[in-house]
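What follows is a set of notes on a single structure, which appears directly below.
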Amino acid sequence: MSTSIRRICLVSGALASSLLAGGCNDDPPPSKLFDESGAWSVIKYDIDGSGDLNDVDVNNRRDAFMLHFDNAERVVTTAACVENENETPANSTCLLTPTTTQWICRCFGYAFKDDRMLWREFEPGDVPPTLGVDDIDAPAADGMADTDTGGGMAAGDDTLIILGEIMDINSTYNYRPLPTGVFGSNGEDSRFVLQARAGSVFDRAYDDPDGRPSCEPCVP
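Counting in the numbering used here, the sequence shown runs without a single skipped number right up to 237 at its last residue.
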């Protein structure tokens, strides 16, 4: 007799015929605070973890710091419109100086469960890392992140991000923190508020209408 472990489905008589044809059902997907797919733009930020949120200057930096989630590939792309990697939502000159700014992007594989995400960086064009929902609990279980005050760097330079809904504002969520260096984040207690945007808004990072140098897609 085979020693392999076989999964057993317990079903009612009404479901038996369909299961015989199709096999056992997969486990249901994990619960998530929101549907992350598509483009998101930073509208508020607390880069140094002071607790004070600042509004993005829309005249200079509207949609200059964005995320794009591909939930089929489980890949998130960060895009910043800056002169150099040191600029942040506090000082980027994106809309003022289109001839001297550029799009700088980074790529992360991610897992998402309840109000937590785990991100792991990879190079554009490489095979994205595979993260499962079981990995999300590992940093906190190992004492490498504080889920009450924020995420932080975990084993293997993963970042655990704690999410929160912004009440009374549709499609707007708090991220604490983002990975080190993303939008100036310190990777520990920085906080960013992001709001959903039309997916086409993120296309600027790949083909900027003002002619800025653009990003290479994370997944070809």
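Beta carbons: idealized from backbone N, C-alpha and C, even for Gly.
Item	Value
C-alpha gap between Pro115 and Arg91, whole angstroms	31 Å
Those residues which DSSP pairs with Ser58 across a bridge	Met83, Gln212
Phe129 (DSSP reduced to helix, strand or coil)	strand
Helix, strand or coil at Val236 according to DSSP, with G and I counted as helix	coil
Straight-line Cα distance separating Ala215 from Arg221	12 Å
Cα-Cα separation, Asp224 to Arg137	26 Å
Ser58 to Arg79 span [Cα, whole Å]	8 Å
Nearest neighbour of Cys98, chosen from Ala56, Pro230, Asp154 [CA to CA]	Pro230
Burial state of Asp63, where buried means 16 or more other Cβ atoms lie within 10 Å	buried
Glu233 classed as buried or exposed, judged by whether at least 16 other C-beta atoms fall within 10 angstroms	exposed
C-alpha distance - Asn187 paired with Ile178, whole-angstrom precision	20 Å
Straight-line gap, Cys124 to Cys235 (C-alpha atoms, nearest Å)	6 Å
Reduced DSSP category for Arg229 - H, G, I as helix; E, B as strand; rest coil	coil
Rounded C-alpha distance that separates Asp227 from Leu180	33 Å
Own chain residues within Cβ distance below 8 Å of Asn77, not counting five before or after	Ser109, Thr110, Cys111, Leu112, Leu113
DSSP state of Ile153 mapped onto helix, strand, coil	helix
Burial state of Asp206 (16 or more Cβ within 10 Å)	buried
Beta-carbon proximity check, Glu182 vs Phe129, cutoff 8 Å	no
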